[in-house]
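Engineer:
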Amino acid sequence: MTVRLPRVEDFSDRLRGPQVTSRVGIWLGVTMTVAFLTGLWSHVQYDTPGWLTLPTGPVWLYRVTQGLHIVSGTAAVPLLLVKLWSVFPRLFIRPPRDLRLLALHGLERLSIGLLVASALFQVVSGTVNISQWYPWDFSFRATHYAVAWVFIGSLAVHVAVKLPVVRDAIAGGLDEPGRPSGLSRRALLRTTWGAAGLAVVATAGQTVPWLRDVSVFGVRSGDGPQDLPVNRSATAAGVDGVPGDWALDVFFDGRTRRFDRSALEAMTQATEELPIACVEGWSASGTWGGVPVADLLAAVGAPERARVVVTSMQTRGAFASSELPAQFAADRRTLLALRLNGADLSLDHGYPCRMIAPNRPGVMQTKWVDRLEVYV
Ligand SMILES: Nc1nc2c(c(=O)[nH]1)N[C@H]1C(S)=C(S)[C@@H](COP(=O)(O)O)O[C@H]1N2
Ligand SMILES: [Mo]
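Residue numbering for the sequence shown is 0 to 375, as defined by numbering that gives the first Met the number 0.
(1) Any contact of the stretch 17-25 with the stretch 155-171, i.e. 3+ C-beta pairs under 8 Å?
(2) Sorry if obvious, but does the Cβ on residue 76 come closer than 8 Å to a heavy atom of ligand 2?
(3) Does the beta-carbon distance from residue 250 to residue 372 come in below 9 Å?
(4) CA-CA distance, residue 101 and residue 110?
(5) What do you get for residue 9, buried or exposed, if any count of 16 or more other CB atoms within 10 angstroms of its CB means buried?
(6) Under 8 Å by Cβ, that's how I've got residue 351 and residue 260 pegged, so tell me the actual separation to the nearest angstrom.
(7) For the structure I just gave you, are there three or more beta carbon pairs, one from the stretch 85-98 and one from the stretch 49-69, closer than 8 Å?
(8) With the cut-off set at 9 Å, would you say residue 315 and residue 240 are in Cβ contact?
(9) State the start and end residues of the unbroken alpha helix (DSSP H) segment that holds residue 227.
(10) Look at the alpha carbon of residue 65 and the alpha carbon of residue 324, and state the distance between them as a whole number of angstroms.
(11) So, helix, strand or coil for residue 17, using DSSP?
(12) Alpha carbon to alpha carbon, how far is residue 91 from residue 99?
(13) Taking only runs that begin and end inside the stretch 278-337, name each unbroken alpha helix (DSSP H) of 4 or more residues, in chain order.
(14) Starting from residue 78, trace the alpha helix (DSSP H) both ways and give me its first and last residue.
(15) Given a cut-off of 9 Å on the beta-carbon distance, is the pair residue 266 and residue 294 in contact?
(16) State the Cα-Cα distance for the pair residue 145 and residue 62, rounded to the nearest angstrom.
(17) Looking at the secondary structure, which residues open and close the beta strand (DSSP E) in which residue 355 lies?
(18) Whose C-alpha, out of 345, 334, 326, is nearest the C-alpha of residue 304?
(19) Could you tell me the boundaries of the alpha helix (DSSP H) in which residue 197 lies?
(20) Considering only the alpha carbon of each residue, which of 344, 317, 202 lies closest to residue 281?
(21) Three or more beta-carbon pairs under 8 Å between the stretch 66-73 and the stretch 150-162, yes or no?
(22) I need the straight-line Cα distance from residue 235 to residue 345, nearest angstrom please.
(23) From residue 292 to residue 331, what does the alpha carbon distance come to, in whole angstroms?
(24) Should residue 360 be counted as a contact of ligand 2 given a C-beta to heavy atom distance under 8 Å?
(25) Anyone know if the C-beta pair for residue 276 and residue 359 falls short of 9 Å?
(26) Any heavy atom of ligand 1 inside 8 Å of the beta-carbon of residue 68?
(27) Closest to residue 193 by CA distance: which of 205, 329, 138, 75 is it?
(28) With distances taken from CA atoms, which of 35, 180, 198 is nearest residue 148?
(29) Go ahead and label residue 138 buried or exposed: buried means 16 or more other beta carbons lie within 10 angstroms of its beta carbon, across all protein chains shown.
(30) Using three-state DSSP, classify residue 263 as helix, strand or coil.
(31) Please name the residue, chosen from 308, 40, 300, 365, that lies closest to residue 60 on a Cα-to-Cα basis.
(32) So what does residue 274 bridge to, in DSSP terms?
(33) Helix, strand or coil: how does DSSP classify residue 107 here?
(34) Please confirm whether any heavy atom of ligand 1 lies closer than 8 Å to the CB of residue 367.
(35) Using a threshold of 8 Å, is the CB atom of residue 278 nearer than that to any non-hydrogen atom of ligand 2?
(36) So for residue 46, helix, strand or coil by DSSP?
Have a look at this one:
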């Protein structure tokens with residue numbers, strides 16, 4: 000028996016072809032581009048270039064962009080699988096003999112290889128990340144960001160090369176004259192759209208409350224103390240309790256002022272309805288009560304345009320501190336929250352006090368705060 004590599008002609012499946020590939024490819028391109036743009040937006044929240052001042056409103060903006068990021072990335076999973084299936088036989092196209100054609104062929108293959116590898120890497124690493132499973136050593140954020148550029152670059156090349164094929168395939172319609180019985184192209188596409196739609200519904204519940212019951216992919220149930228999910232509990236963060244002599248230290252201009260909880264409660268209290276919008280795609284709104292950070296800055300004599308480094312009692316793990324850029328510190332909706340939904344903060348939500356600012360990723364809404372450092 001001789002073993003031979005399959006040839007492209009060996010795959011006679013009539014469902015494969017530019018009609019299906021193009022249509023699935025367009026939607027894959029759309030969902031991945033939405034994920035790319037919302038991903039860039041999320042990235043600059045962490046690494047803000049000097050020329051950019053992030054807006055403090057609308058308060059729901061990051062909630063919407065990050066929700067879109069996760070939903071579009073999840074919708075891309077079934078689209079990517081169907082698209083890879085539909086072009087799979089092309090893997091076995093024999094390279095041309097002519098040297099110049101071979102070079103062109105090689106370049107095209109290389110760009111497709113980068114496109115497929117980067118797309119797979121993005122959806123797999125993203126899905127693993129929202130499942131809060133970190134089976135690797137590399138930094139998720141840096142890698143997901145770098146590969147995003149590889150992806151979008153090879154996508155641009157791919158679209159430019161394939162545009163004529165896509166145009167013809169769309170203009171040619173979906174009819175299959177003389178089609179034998181069996182699954183039609185239309186039915187295949189309907190199933191694909193259905194799977195993508197299901198993926199959307201099953202993840203959107205993390206952001207859209209009335210969809211929560213069907214949100215089987217939802218990372219957080221929506222349950223939690225005080226009607227708000229908890230991302231990392233006090234125990235998980237190594238915060239076992241609050242010392243009896245707890246007080247907030249506010250450092251400015253070489254001096255440290257202390258505010259115990261009753262001193263904070265004696266200051267003017269504000270109430271704001273603001274969401275926690277986790278980078279992992281879940282979000283939920285809460286009614287927060289506490290002291291505007293701007294008032295605390297004024298109390299220690301800091302000027303209007305000061306930035307604030309926020310640190311917590313947490314001693315292990317990431318997310319133990321964050322930085323408030325000046326425009327967030329000055330925004331009166333930014334609170335050092337003491338209460339949530341009408342009651343004192345529970346320990347898991349950050350008792351004795353936590354940061355809550357409008358339009359920021361959840362990871363920067365630091366819990367168990369015990370020190371603010373103010374810099375101008
Ligand atoms: N000190 C500290 N603050 C933290 C975290 C943490 O792990 N440690 N997790 C952050 C993340 S990722 C999110 S999404 C929010 C969630 O707030 P919640 O648990 O009160 O819902 O808290 C943020 N604040
Ligand atoms: Mo988060």
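Just so it is clear, CB atoms sit at the ideal spot from N, CA and C, and this is done for glycine as well.
Structural biologist: Straight from the coordinates:
(1) yes
(2) no
(3) yes
(4) 14 Å
(5) exposed
(6) 5 Å
(7) no
(8) no
(9) Residue 227 -> no alpha helix (DSSP H), and no H or E assigned at all.
(10) 20 Å
(11) Helix, per DSSP.
(12) 20 Å
(13) Note on the stretch 278-337: whole alpha helix (DSSP H) runs with a minimum of 4 residues are 292-298, 325-329, in chain order.
(14) 60-86
(15) Taking 9 Å as the Cβ cut-off, residue 266 and residue 294 qualify as a contacting pair.
(16) Residue 145 and residue 62: Cα-Cα distance of roughly 23 Å.
(17) 353-355
(18) 326
(19) 184-203
(20) 202
(21) no
(22) 15 Å
(23) 7 Å
(24) yes
(25) yes
(26) False, no ligand heavy atom lies under 8 Å from that Cβ.
(27) A check of alpha carbon separations from residue 193 across 205, 329, 138, 75 identifies 75 as the nearest.
(28) 35
(29) exposed
(30) helix
(31) 40
(32) Residue 274 is bridged to 284.
(33) helix
(34) Residue 367 Cβ: within cutoff of ligand 1.
(35) yes
(36) coil
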